[in-house]
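The UniProt record's numbering numbers the first residue of the sequence shown as 1 and each following residue consecutively.
Input: a single structure, listed below in structure tokens.
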Amino acid sequence: MKQDVILVLDCGATNVRAIAVDRQGKIVARASTANASDIAAENSAWHQWSLDAILQRFADCCRSLSSALSECVVRGITVTTFGVDGALVDAQGKLLYPVISWKCPRTAAVMETIERFISPRQLQTLSGVGAFSFNTLYKLVWLKENHPRLLEQAHCWLFISSLINHRLTGEFTTDITMAGTSQLLDIHQRDFSPEILQATGLARRLFPRIVEAGAPIGTLQTDAARLLGLPAGVPVISAGHDTQFALFGAGAQQGEPVLSSGTWEILMVRSGQVDTALLSQYTDSTCEKDSQSALYDPRMNRLDCAVLV
Numbered sequence: 001m002k003q004d005v006i007l008v009l010d011c012g013a014t015n016v017r018a019i020a021v022d023r024q025g026k027i028v029a030r031a032s033t034a035n036a037s038d039i040a041a042e043n044s045a046w047h048q049w050s051l052d053a054i055l056q057r058f059a060d061c062c063r064s065l066s067s068a069l070s071e072c073v074v075r076g077i078t079v080t081t082f083g084v085d086g087a088l089v090d091a092q093g094k095l096l097y098p099v100i101s102w103k104c105p106r107t108a109a110v111m112e113t114i115e116r117f118i119s120p121r122q123l124q125t126l127s128g129v130g131a132f133s134f135n136t137l138y139k140l141v142w143l144k145e146n147h148p149r150l151l152e153q154a155h156c157w158l159f160i161s162s163l164i165n166h167r168l169t170g171e172f173t174t175d176i177t178m179a180g181t182s183q184l185l186d187i188h189q190r191d192f193s194p195e196i197l198q199a200t201g202l203a204r205r206l207f208p209r210i211v212e213a214g215a216p217i218g219t220l221q222t223d224a225a226r227l228l229g230l231p232a233g234v235p236v237i238s239a240g241h242d243t244q245f246a247l248f249g250a251g252a253q254q255g256e257p258v259l260s261s262g263t264w265e266i267l268m269v270r271s272g273q274v275d276t277a278l279l280s281q282y283t284d285s286t287c288e289k290d291s292q293s294a295l296y297d298p299r300m301n302r303l304d305c306a307v308l309v
């Protein structure tokens, strides 16, 4: 008898992976390939992601699993990615501007001058998210100031997990765990903050329906199925920000601290409550929505830390 699996498509900054997981959470098969950002044509110091290249890397991984998956029934597909990045798209989902990478320095000046719109402390109190130059908010302000017509023309903004999900299903959605990385979400109200949007001149219409982790998005469409070498019609389920699902996958319980070591060193905890007004007192602090709706994930971030002993 063939075993049921969920196929996780994970896009990290250094690797793209396809992982088949059974009902007990055991890895049945996996494949990975290197991932990397591209240099932007506008400026050799800028970084961007190629969505087509990422999808092809997923396809390469899935096809390398074809033998193992032939012994399985893929009951669902879910996508996890790094946070904050995304792009403006038209009504067909076509990119209006490349996906600006979190590694790109172009938005640093926006972060440094954000107080002309709203105070950094108020931003963190509302959103939970600290001042990091790659935040989605700063990307959208940069686009508004440098390519204003694109925001007028855009059907919506899609985070990178939702860009991938749209290619899989044709649906426009916002993963709640990705919205939680953006510095645009009111972390307590679980919707985009009217105060932040009004202060920065961004329209709520840019953000499609929010879906909770574990909620169905749509089904795998024919073209995407052909690319991945999978059957059409497989349900696609919302996931989103990889860090939140690393916590979940590690089995961390509420109140249990976890150190995630990878591209970033992140010390975090799953908590039932958080006072976001206190966060701005601590350098490199941030707080995002957990994969479970009632929980928060306060944390400290460090990039490229030394080896832990």
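Ideal Cβ placement from N, Cα and C applies to all residues, glycine included.
From a predicted model like this one, the values you see are computed outputs, not experimental measurements.
Subject >> Three-state class that DSSP yields for S271 in the structure shown >> reply: strand
**OP:** Please say whether T276 and T125 have beta carbons closer to each other than 9 Å?
**Re:** yes
Subject >> Alpha-carbon to alpha-carbon, N146 and E71 >> reply: 51 Å
**OP:** In the DSSP assignment, find the beta strand (DSSP E) that holds F159 and state where it starts and stops.
**Re:** C156 to F159
**OP:** State the CB to CB distance for the pair G240 and I176, rounded to an integer number of angstroms; the pair is presumed to be in contact (CB under 8 Å).
**Re:** 7 Å
**OP:** Please check the pair I160 and T81, which I expect to be a contact at CB under 8 Å, by giving their CB distance rounded to whole angstroms.
**Re:** 5 Å
Original post:
Looking at the structure shown, is P257 part of a helix, part of a strand, or coil, going by DSSP?
Top reply: strand
**OP:** Decide if N35 is buried, meaning its Cβ has at least 16 other Cβ atoms within 10 Å, or exposed.
**Re:** buried
Subject >> alpha helix (DSSP H) segment containing V141, residue limits >> reply: T136 to N146
Original post:
Taking Cβ positions, are S134 and T174 nearer each other than 9 Å?
Top reply: The displayed chain sequence assigns Phe, not Ser, to residue 134. Going by C-beta atoms, F134 is not nearer than 9 Å to T174.
Subject >> Cα-Cα separation between G93 and L163, rounded to whole angstroms >> reply: 8 Å
Subject >> DSSP bridge partner residues for F192 (one or two, in chain order) >> reply: L185
Original post:
Between E195 and L279, what straight-line distance do the alpha-carbon atoms span, to the nearest angstrom?
Top reply: 19 Å
Original post:
From I210 to P216, what does the alpha carbon distance come to, in whole angstroms?
Top reply: 12 Å
Original post:
Among residues of its own chain, excluding the 5 on either side of A59, which ones have a beta-carbon nearer than 8 Å to its beta-carbon?
Top reply: L227, L228 and G229
Original post:
Taking Cβ to Cβ, would you say L247 is nearer than 9 Å to M268?
Top reply: yes
Subject >> Inter-stretch contact (C-beta, 8 Å, three-pair minimum) for the region 36-44 and the region 100-115 >> reply: yes
Original post:
Does the distance from the C-beta atom of S238 to that of T78 stay below 9 Å?
Top reply: yes
Subject >> Simplified DSSP state of I176, which is helix, strand or coil >> reply: helix
Subject >> Where I19 falls, given that 16 or more other Cβ within 10 Å makes a residue buried >> reply: buried
Original post:
Excluding sequence positions up to five away, which residues of its chain have a Cβ less than 7 Å from the Cβ of W142?
Top reply: R106, T107 and V110
**OP:** Give the straight-line distance between the Cα atoms of A199 and E115, rounded to the nearest whole angstrom.
**Re:** 10 Å
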